[in-house]
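Novice: Pasting a structure below so you can have a look.
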Amino acid sequence: MPTEQEQVTAVPRIEVRDLAKQFAVRGGVREVVDNVSFDVAPGEFVSVIGPSGCGKSTMFNILAGLETPTSGEVRVDGRDAIGHREHFAYMPQKDLLFPWRTIAENAALGLEVQGVPRRKARAQARELFPAFGLAGFEDSHPFELSGGMRQRAALLRTVVQGREILLLDEPFGALDSLTRIEMQNWLQGVWSDHSWTAVLITHDIREAVYLSDRVIVLSARPTRVRLDVRIDLERPRDLAVTTSAEFAAYEQQLIEVLHDESRKAFAQQQEGLAS
Amino acid sequence: MTSIDRADGYVAAATPAARDRRRRRRIDPVRLLSTVLPPVLILAVLLIGWEVAVNVTGVRPQVLPTPSRVLSEGWGQREAIEMHTKATLQVTLVGFAFSLLVAWVIAVVVDFSGWLRRGVMPLLVASQTIPIVAIAPLMIIWFGFGLMPKVLVVALATFFPIAVGLVEGFNKADREASNLLRSMGAGRFTEFRYVRLPSAMPSFFTALRISITYAVVGAIFAEYVGAEKGLGIYMSMQKNAFRTDLVLAAVVVSAVLSIALYLVTFLVERLVIPWSFKERKARHAD
Ligand SMILES: Nc1ncnc2c1ncn2[C@@H]1O[C@H](COP(=O)(O)OP(=O)(O)OP(=O)(O)O)[C@@H](O)[C@H]1O
Ligand SMILES: [Mg+2]
Numbered sequence: 628m629p630t631e632q633e634q635v636t637a638v639p640r641i642e643v644r645d646l647a648k649q650f651a652v653r654g655g656v657r658e659v660v661d662n663v664s665f666d667v668a669p670g671e672f673v674s675v676i677g678p679s680g681c682g683k684s685t686m687f688n689i690l691a692g693l694e695t696p697t698s699g700e701v702r703v704d705g706r707d708a709i710g711h712r713e714h715f716a717y718m719p720q721k722d723l724l725f726p727w728r729t730i731a732e733n734a735a736l737g738l739e740v741q742g743v744p745r746r747k748a749r750a751q752a753r754e755l756f757p758a759f760g761l762a763g764f765e766d767s768h769p770f771e772l773s774g775g776m777r778q779r780a781a782l783l784r785t786v787v788q789g790r791e792i793l794l795l796d797e798p799f800g801a802l803d804s805l806t807r808i809e810m811q812n813w814l815q816g817v818w819s820d821h822s823w824t825a826v827l828i829t830h831d832i833r834e835a836v837y838l839s840d841r842v843i844v845l846s847a848r849p850t851r852v853r854l855d856v857r858i859d860l861e862r863p864r865d866l867a868v869t870t871s872a873e874f875a876a877y878e879q880q881l882i883e884v885l886h887d888e889s890r891k892a893f894a895q896q897q898e899g900l901a902s
Numbered sequence: 438m439t440s441i442d443r444a445d446g447y448v449a450a451a452t453p454a455a456r457d458r459r460r461r462r463r464i465d466p467v468r469l470l471s472t473v474l475p476p477v478l479i480l481a482v483l484l485i486g487w488e489v490a491v492n493v494t495g496v497r498p499q500v501l502p503t504p505s506r507v508l509s510e511g512w513g514q515r516e517a518i519e520m521h522t523k524a525t526l527q528v529t530l531v532g533f534a535f536s537l538l539v540a541w542v543i544a545v546v547v548d549f550s551g552w553l554r555r556g557v558m559p560l561l562v563a564s565q566t567i568p569i570v571a572i573a574p575l576m577i578i579w580f581g582f583g584l585m586p587k588v589l590v591v592a593l594a595t596f597f598p599i600a601v602g603l604v605e606g607f608n609k610a611d612r613e614a615s616n617l618l619r620s621m622g623a624g625r626f627t628e629f630r631y632v633r634l635p636s637a638m639p640s641f642f643t644a645l646r647i648s649i650t651y652a653v654v655g656a657i658f659a660e661y662v663g664a665e666k667g668l669g670i671y672m673s674m675q676k677n678a679f680r681t682d683l684v685l686a687a688v689v690v691s692a693v694l695s696i697a698l699y700l701v702t703f704l705v706e707r708l709v710i711p712w713s714f715k716e717r718k719a720r721h722a723d
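Protein chains in written order, with our numbering: chain A, 628 to 902; chain B, 438 to 723.
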């Protein structure tokens, strides 16, 4: 049976310690993140699920160095990483492919921003196109691609930067369920080929269990870690595993906690509307 | 890997769409005709109606000349009109170039400083409440009859829509896009270059189209008040000589000038941001 457990590795790739974040809002402060702690080991795939608006994206922004926490620590390979932007490659909720750039140019954006000469950056990005199922679309514009392809292009733009850790904020949230399943299979494939360390935000419990080594459930706002579950399913996983009894047990365990938190979050929002 | 094979399914599915798009481009001449024909027909009907009405009622040409008279008399004066048109075109282009420069400088500076934005924007709005009728003669008093006062009048009449179009265009950039750029290590300047500037281009060209139609009118107005040559002063002179036909001939020329400049903005837009056209087309296709 899976249990809540602490990560026991020599040096975790990511260490988050007592992270807290408050925003100043009209009439006081809004506590969004409240003493969140977790570790991620090198090469581990961790999913974060939590009710809508609980502070997942805020947490990612802190990890990516875009926001500073009110208190707490973020360490990467044992070194302080607050305000550092060089460790994480960030894939936001929207694909944010720029219509004025071709797919190859979009994919090379991160490298160009980091000062790699334009031609070299684009050549480097082009090399990854076949693996991302985008061969032949290098010179297309984003509006010529399907939703699934756009999402793969956005992920390509993320990984080509060669950063140590991927932060994926609901990459498949906007896709229909069939395309989403294809993308999950595909992501699993490329992830195991490249041994990336990845943290994925999702609302989809099935997706979290299917893809992850560990699933962290966050509570309603102010958010803290409600549950940290290791998923001991053999890899590589295929769709058959999703109908197994073990898989169902994981889903059941997560869904109970998550629904409990979602109810709280919903009640919070109702209060917010009432006041 | 089966997942990659599935991904290839998209390739097969998306290629016919691309072929479709190519086919659509080929029927363009027909579409062009269908956009040009209606205004031409309506204009022809109006002109014929005008011609007939003047001939039937026997109005004196000093009051209202027939279109054919406007054309023939204008044609007779073509050398003079051409000379004045060139002068007006020069004022328009120099004035508009200056206007563009001013608008860009203001918009970029304002984009980089929230403090300046709060300080400058109200002044810009205030500048648009100045009646040009009142300021144009003063410009002549201050700067004489040369190019300078006219350039200033054209700029005053046209810079505002461009500046506002740019400022709002820069702000159209997605906040999350800025975050993405920052996560890649971009500073404020890189962010501007890679996101805010390109995001602003479609609204820039919309603003450009609006303001260029004011440019010719602005130039003519400035010349009307006082100039050595130009369509404005030509109109003023012919009006004083009761040559209504020649005034209208000059009006026709200035209208043609405005329309031509308006069309040029589409051409420039197509050259500068070809992606915007493709995107719009792709969106209309489905
Ligand atoms: N800059 C800010 N100022 C004030 N409040 C903020 C700010 N940024 C986020 N918040 C608040 O923090 C809370 C969490 O936002 P966040 O975007 O992190 O949620 P999320 O968990 O990613 O939600 P979703 O699942 O819908 O994407 C929200 O209530 C939001 O209103
Ligand atoms: Mg979010």
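Positions of the beta carbon are idealized from the N, C-alpha and C atoms, including for glycine.
Which complete beta strand (DSSP E) runs does the segment 653–693 of chain A hold, if anything under 3 residues is left out?
Specialist: 655–667, 672–676, all fully within the segment 653–693 of chain A.
Novice: Kindly provide the chain-ordered list of residues whose Cβ lies closer than 5 angstroms to any non-hydrogen atom of ligand 1.
Specialist: Those residues are A:Phe-650, A:Val-659, A:Ser-679, A:Gly-680, A:Cys-681, A:Gly-682, A:Lys-683, A:Ser-684, A:Thr-685, given in chain order.
Novice: Closer than 7 angstroms, CB to CB, is Leu-697 (chain B) near chain A or not?
Specialist: Per the sequence shown, residue 697 (chain B) should be read as Ala rather than Leu. Judged by the 7 angstroms Cβ criterion, Ala-697 (chain B) is not in contact with chain A.
Novice: Quick one: what's got a C-beta closer than 7 angstroms to Ala-600 (chain B)'s C-beta in the same chain, skipping five residues either side?
Specialist: Only Ala-540, Ile-543, Ala-544, Leu-561 meet the Cβ criterion.
Novice: Is it buried or exposed for His-521 (chain B), if we count other Cβ within 10 angstroms and need 16 for buried?
Specialist: Counting Cβ neighbours within 10 Å, His-521 (chain B) comes out buried, since at least 16 surround it.
Novice: Anyone know if the C-beta pair for Arg-749 (chain A) and Ala-762 (chain A) falls short of 7 angstroms?
Specialist: No, they are not a contact pair.
Novice: Restricting to Cα atoms, I'd like to know which of B:Met-621, B:Val-662, B:Gly-667 is closest to Glu-739 (chain A).
Specialist: That would be B:Met-621, whose Cα lies nearest to the Cα of Glu-739 (chain A).
Novice: Please list, in chain order, the chain A residues whose beta carbon lies closer than 7 angstroms to that of Asp-611 (chain B).
Specialist: Neighbours of Asp-611 (chain B) on chain A, chain order: Leu-723.
Novice: Rounding to the nearest angstrom, what Cα-Cα distance links Asp-865 (chain A) and Glu-797 (chain A) in this structure?
Specialist: Straight-line Cα distance between these residues: approximately 21 angstroms.
Novice: DSSP three-state call for Ile-543 (chain B): helix, strand or coil?
Specialist: In the structure shown, Ile-543 (chain B) sits in a helix (DSSP, three-state: H, G or I).
Novice: Distance cutoff 7 angstroms, beta carbons only. Does Phe-650 (chain A) sit that close to anything in chain B?
Specialist: Closer than 7 angstroms: no.
Novice: Hey, is Tyr-837 (chain A)'s beta-carbon within less than 7 angstroms of any beta-carbon in chain B?
Specialist: Taking Cβ atoms only, chain B never reaches closer than 7 angstroms to Tyr-837 (chain A), which makes this a no.
Novice: What are the complete alpha helix (DSSP H) segments, minimum 4 residues, inside the segment 825–860 of chain A?
Specialist: You should have 832–838.
Novice: Going straight from the alpha carbon of Leu-685 (chain B) to that of Phe-679 (chain B), what length do you get?
Specialist: Between Leu-685 (chain B) and Phe-679 (chain B), the C-alpha separation is close to 11 angstroms.
Novice: Got a sec? Which residues, its chain only, sit under 6 angstroms from Tyr-671 (chain B) by beta carbon, not counting five neighbours each side?
Specialist: So the qualifying residues of the chain are His-521, Ala-687.
Novice: Measure the C-alpha to C-alpha separation of Gly-655 (chain B) and Thr-529 (chain B) and round it to an integer number of angstroms.
Specialist: Using only the alpha carbons, I get a separation of about 8 angstroms.
Novice: Over what stretch of residues does the beta strand (DSSP E) that includes Asp-796 (chain A) continue unbroken?
Specialist: Per DSSP, Asp-796 (chain A) belongs to the beta strand (DSSP E) from 792–796.
Novice: Can you give me the start and stop residues for the beta strand (DSSP E) that Met-718 (chain A) sits inside?
Specialist: 715–718 is the span of the beta strand (DSSP E), which, as asked, contains Met-718 (chain A).
Novice: Taking 6 angstroms as the limit between beta carbons, can you name the residues of its chain near Gly-705 (chain A), skipping five residues before and five after?
Specialist: Result list for Gly-705 (chain A): Val-638, in chain order.
Novice: Compile a chain-ordered list of the residues in the segment 878–899 of chain A whose CB is closer than 7 angstroms to at least one CB of chain B.
Specialist: Within the segment 878–899 of chain A, no residue has a Cβ that lies closer than 7 angstroms to any Cβ of chain B.
Novice: Is it true that the segment 642–651 of chain B meets the segment 509–524 of chain B, where meeting means three or more beta-carbon pairs spaced less than 8 angstroms apart?
Specialist: Counting Cβ pairs under 8 angstroms, fewer than three are found: no touch.
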